[in-house]
Structure formats: structure tokens, C-alpha cells
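Data block below; observations after.
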Amino acid sequence: MSKISETQNAATEGVDSNSKIEAIKNLIFGENIQQYNTEFDELKADLLKKKKELQSFIDETRDELSKSIDSLSTDLNIRITDLENKLEDRLDTIEDEKTSRDMLGEALIELGKKIKA
Numbered sequence: 000m001s002k003i004s005e006t007q008n009a010a011t012e013g014v015d016s017n018s019k020i021e022a023i024k025n026l027i028f029g030e031n032i033q034q035y036n037t038e039f040d041e042l043k044a045d046l047l048k049k050k051k052e053l054q055s056f057i058d059e060t061r062d063e064l065s066k067s068i069d070s071l072s073t074d075l076n077i078r079i080t081d082l083e084n085k086l087e088d089r090l091d092t093i094e095d096e097k098t099s100r101d102m103l104g105e106a107l108i109e110l111g112k113k114i115k116a
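Numbering of the sequence shown is given in numbering that gives the first Met the number 0, commencing with residue 0 and proceeding in unit increments.
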């Protein structure tokens, strides 16, 4: 029987501790604890909403940047190909006219300036 009474005492002490904790919470926070909990829940929900909005904005920006980079890369490749074709045409013309090395040097300098610009 002593084991049963010890268990009952422990259970009574547990209930007593819980009621003491509740009493302390009521003293510290008063009757507004439910209002505080509601406000905290609203703040948490608002933070989660803002986080999702920011993540969406980041994803959209990442997609736009990726598309812009791809577009610029394609445009750059087209321009380089055009410049190479013009250089080849110019070299063919120079060879046909048996032009001097000075003219070839000037053509390459002009091409370099166009690439740089």
C-alpha cells in the first residue's frame, strides 16, 4: 500500500506544480495571455506570408536574370560571328587587291575597336 500512496502523492504534487505554474503565469501576464498568444500567432503568420512573397520575388528575379544572360550571350555570339564574317570578307578583298600590310593592320585595328565598343 505504500507504493500506491507514494504514486498518489507524486500525482498530487504534479497537479500542484501545474496549478502553481498556471498561477505564476496569470500573475506575470494577467488575463491578457490569450491576447498575447493571438498576437504572436498573427505575427508568425505575417512573417511566413512575407517570407513566401520574398521567395517568390527572388525566384522571379532569378528567372529574369537567367533569360537576360541567355539573350545577351546569344546576341554576343551573333555579333562575334558577324565580325568574323566581315573580317574574312575584308581579308579576301585585301588578298584580291594585293593590299599592303599597313591596310591589313588598319583593318584589324578597326575590328578591335568595334569589338571593344
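The C-beta atom is built at its ideal place from N, Cα and C for all residues, glycine as well.
Linking Asp58 to Thr73 through their CA atoms gives a straight-line distance of about 23 angstroms.
Straight-line spacing of the CA atoms in Glu105 and Ile93 works out to 12 angstroms. Our two residues, Lys85 and Glu63, have alpha carbons roughly 33 angstroms apart in a direct line. The alpha-carbon separation between Ala44 and Gln54 amounts to approximately 15 angstroms. The C-alpha of Ile79 is placed about 21 angstroms away from the C-alpha of Ser65.
Separation of Lys51 and Asn76 (C-alpha to C-alpha, rounded to the nearest whole angstrom) is 37 angstroms. The beta carbons of Ile114 and Leu82 sit about 6 angstroms from each other, so the pair counts as a contact at 8 angstroms. In this structure, Lys24 lies near Ile32, with their beta-carbon atoms less than 8 angstroms apart.
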